[in-house]
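Student: Quick note: the sequence shown uses our numbering, first residue 4, plus one each step.
For glycine and all other residues, C-beta sits at the position ideal for the given N, C-alpha and C.
Since we're looking at a predicted model, the values are computed, not measured.
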Amino acid sequence: MGKAEIGRIFGIPIVLDASFVLLIALFGFGYFTSASLVGVSYGLALVAGVAVSILLHELGHALAAGYWRVPTASIELNGLGGLCHFARNMPADRLANIVMLLAGPAANLILWQVFSTASDWVLQSGTGGPDRLAFLLRQLGHINFLLFIFNLMPAHPLDGGRALVQVASKFIGYDRAMRAIAYLGLLVVAWLVMLAFGGQMFAALIAFVLLQANIEVLQTHGGPRWKRWN
Ligand SMILES: [Zn+2]
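1. For S119, which residues in the same chain have their Cβ closer than 7 Å to its Cβ, ignoring the five residues on either side in sequence?
2. Please identify the residue among G33, V53, L19, A7 whose C-alpha is closest to the C-alpha of F148.
3. When you compare only the Cα positions, how much space is there between N217 and Q127?
4. At which residues does the beta strand (DSSP E) containing P16 begin and terminate?
5. Rounded to the nearest angstrom, what separates L187 and G176 at their Cα positions?
6. Mind pulling the alpha helix (DSSP H) runs of 4 or more residues that sit fully within the region 155-187?
7. Closer than 7 Å: is that where the CB of D162 sits relative to any heavy atom of ligand 1?
8. Go ahead and pull the three-state DSSP assignment for T36.
9. Taking 6 Å as the limit between beta carbons, can you name the residues of its chain near G225, skipping five residues before and five after?
10. Under a three-way DSSP split, which group does L80 fall into?
11. Who are the Cβ neighbours of L1 in its own chain at under 7 Å, not counting the five residues just before and after it?
12. Which residues in the same chain as A121 place their Cβ atom closer than 6 Å to its Cβ, once the five residues preceding and following it in sequence are excluded?
13. Out of curiosity, what's the CA-to-CA distance linking V24 and V50?
14. Tell me whether R91 sits in a helix, a strand or coil according to DSSP, three-state version.
15. Does DSSP classify R72 as helix, strand or coil?
16. Is G107 near ligand 1, in the sense that its beta carbon is under 7 Å from a heavy atom of that ligand?
17. Is Q215 helix, strand or coil by DSSP?
18. Quick check on G201: does DSSP put it in helix, strand or coil?
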């Protein structure tokens with residue numbers, strides 16, 4: 004799918020992949036088809052808030068990598084959320100990699116608190132009118148909590164899965180660690196498929212991307228050689 008640079012933050016090019024638009028459209032689908040101006044504008048504000056949250060998650064990675072003097076070449080927004088492309092490899096140090104990987108979810112944890120506090124503040128200072136804003140902020144808080152949990156899931160190429168590979172490879176070797184996380188990743192895919200059947204359509208897209216990624220890892224790290232899909 005097509006990619007385009009949409010701007011720069013702290014000098015880092017932000018590259019938009021068409022699959023991100025699909026993800027956001029599926030995420031806000033219920034609002035965009037609500038046939039009310041209030042519903043559609045609420046949906047737009049919500050997906051804008053989610054896009055900013057994903058961007059700040061990636062900036063968390065970029066900031067941590069910068070601590071080890073690894074510059075970020077670009078941040079890509081795609082069907083899985085986002086991805087940091089570094090200008091060079093992170094140092095082989097396990098701790099450096101784990102801190103860099105966990106810095107993204109940590110940003111979501113902070114945003115969960117920021118949005119929730121902002122929501123309380125709007126409610127307390129409001130006259131009844133801004134209740135919808137308070138609800139939006141509360142929802143963005145919840146979504147950041149879910150982003151925190153989701154990104155820590157043991158699947159390739161999620162932060163949690165990659166951090167677990169760093170830990171597990173110390174004990175069972177790199178290839179076995181990669182395979183172990185890929186099998187756990189298939190369980191995460193099964194869970195996402197259940198969410199998709201429950202009506203969360205964006206979960207189907209994420210499940211599809213994760214399924215491909217985890218099968219690919221199994222094929223390239225000595226797992227059973229299933230026929231390739233695409
Ligand atoms: Zn991340």
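Tutor: Checking against the coordinates, here is how it stands:
1. R141, G144
2. V53
3. 46 Å
4. 15-20
5. 17 Å
6. 162-175
7. yes
8. coil
9. D178
10. strand
11. Look at the range of the chain in this structure, 4 to 233, and you will see that residue 1 is not part of it.
12. L140
13. 10 Å
14. coil
15. coil
16. yes
17. helix
18. coil
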